[in-house]
Each structure stands twice: as structure tokens, then as C-alpha cells.
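Everything below concerns the one structure shown next.
In the working numbering, the protein residues as written are 138 to 351.
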């Protein structure tokens, strides 16, 4: 009998978006249903639409840890992740406990992909209105309810992005399933005001003592 694949470490290769599309194709064939950890650090990735499609299809049900650090990911890529709502009202990223998006280019204004699922409430998918990069980050924060680690360090975040994360945490939607765990949010090495950092720190402290790294 074959042993199910639970971890896939492909860091620091040159996969590019086509390589990730191949991984997503394998997932669509049912080859990665037991995968709990996917490491794609340092692979020149810029778009995540194929990975988002696989998540929406429910073919990565066991995925808990996703490393996307040190790539070329932009706000448009975050839009892809934010638009993984499911018809049953749940979210394809609910199972994630760690999401690593550090050392990317997240934060610049983003255009919404034509195939993105937009919603008005922001709980699932990408909310309408406002700067889409800010809304996408808020939507991802809300979608990944079980997160223990959200790393957004070394990007292009500003106070508006931090305010969006603060609102998501303060509302009780983001990190709602992480109580009792040593959760942490890393927004270090971004250009943010002290006021927005203090507000985020207060929201983190009031929500089960989430550790904020700045």
C-alpha cells in the first residue's frame, strides 16, 4: 500500500506559477487529500489562482500549514486566497493554522480578478467597496478562523491594512477558533503608524492574548 503524502517541501526552487499550477492539478486528481503542510517558500510565485481553485474544490481538506514566504506575491494574489468561499457558507481555508506570507509585495492597490467571488459581509470571499488590497487582507484574516500564525512581515502594508486586520480581530471573526493557543500576528518591517500598531496590539490582547510582532 502506498503511504499518503502528508508534507510537501519545495522551498527555494524555481517553480513559478506554472509549477504551482502542476501541484494544484495533482491535488485535483485526489493525490494530496492527506497533505497537511505545503512549503512553497522562494519559488518566484506571483499568482495563487490555481491553488485557490484547488482549495475551493475541497481537494486539500487536511492542509493546515501553508508557506508562501519570499515570493512575488502581490495584493492580487491575496485576492485569490480571499475568494475561496464555499457554497455551504464555510471557507476553504478554515482548516489552516499557519499562513506565512512574509517577504512579499502585499500592500499595493489590487484589481479584483473577474472570477473572484465577491460578498458584501466580508466573512467569506472578498468584500466589495474600498481599497481591494485592504479588503482582501481583512477577508483572509476572517476566513482563516483557525489560524495560530499569520505572518505578513516585510511587505508593503500601511496603517489601512493594519486597521483592517484590527477590525477583523476586534469583531471576533478573525482567529475565532484559535483561543487557547499561542496565536501570533507578525506585521514587522512594514510602514505603519504607531497609532495603528497600538490599536492592533489592543485588539490582539483582548482576543485571548494574541501575540503581536512589530
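Heads up, the beta-carbon is just placed ideally off N, CA and C, and yes, glycines get one too.
What is the C-beta distance between residue i and residue j, in whole angstroms, given that I count them as a contact (C-beta under 8 Å)?
i           : j           : result
residue 197 : residue 169 : 6 Å
residue 187 : residue 161 : 4 Å
residue 341 : residue 306 : 6 Å
Can you tell me whether residue i is buried or exposed? The criterion is at least 16 other CB atoms within 10 Å of its CB, across all chains shown.
i           : result
residue 285 : buried
residue 140 : exposed
residue 142 : exposed
residue 166 : exposed
residue 159 : exposed
residue 346 : exposed
residue 332 : exposed
residue 148 : exposed
residue 319 : exposed
residue 245 : exposed
Can you list, in chain order, the residues of its chain with a C-beta nearer than 6 Å to that of residue i? Leave out the 5 residues immediately preceding and following it.
i           : result
residue 164 : 191, 196, 197
residue 336 : 303
residue 334 : 351
residue 290 : 239, 323, 325, 326
residue 219 : 263, 273, 276, 277
residue 127 : With the chain covering only 138 through 351, there is no way to say anything about residue 127.
residue 287 : 236, 322
Leaving out the 5 sequence neighbours to the left and right, which residues in its chain are closer than 8 Å to residue i when beta-carbon positions are compared?
i           : result
residue 150 : 156, 179, 180
residue 381 : There is simply no residue 381 to check, as the chain begins at 138 and stops at 351 in what is shown.
residue 171 : 141, 142, 143, 199
Taking residue i as part of the beta strand (DSSP E), name the residues at either end of that continuous run.
i           : result
residue 323 : 321-323
residue 144 : 144-146
residue 306 : Careful: residue 306 lies outside any beta strand (DSSP E), inside the alpha helix (DSSP H) at 296-307.
residue 348 : 348-350
residue 236 : 235-237
Just reading off the alpha helix (DSSP H) that residue i is part of, what are its end residues?
i           : result
residue 269 : 269-280
residue 335 : 331-343
residue 181 : First-last for residue 181: undefined, no H or E at that position.
residue 197 : Counting along the chain, residue 197 falls outside any alpha helix (DSSP H), and DSSP gives it neither H nor E.
Leaving out five residues on either side along the sequence, give the residues of the same chain with a beta carbon under 7 Å from the beta carbon of residue i.
i           : result
residue 338 : 349
residue 308 : none
residue 252 : Low confidence applies here, because residue 252 scores a pLDDT of 49, under 50, leaving its location unreliable and the question unanswered by this model.
residue 146 : 176
residue 173 : 143, 144, 199, 200, 201, 202
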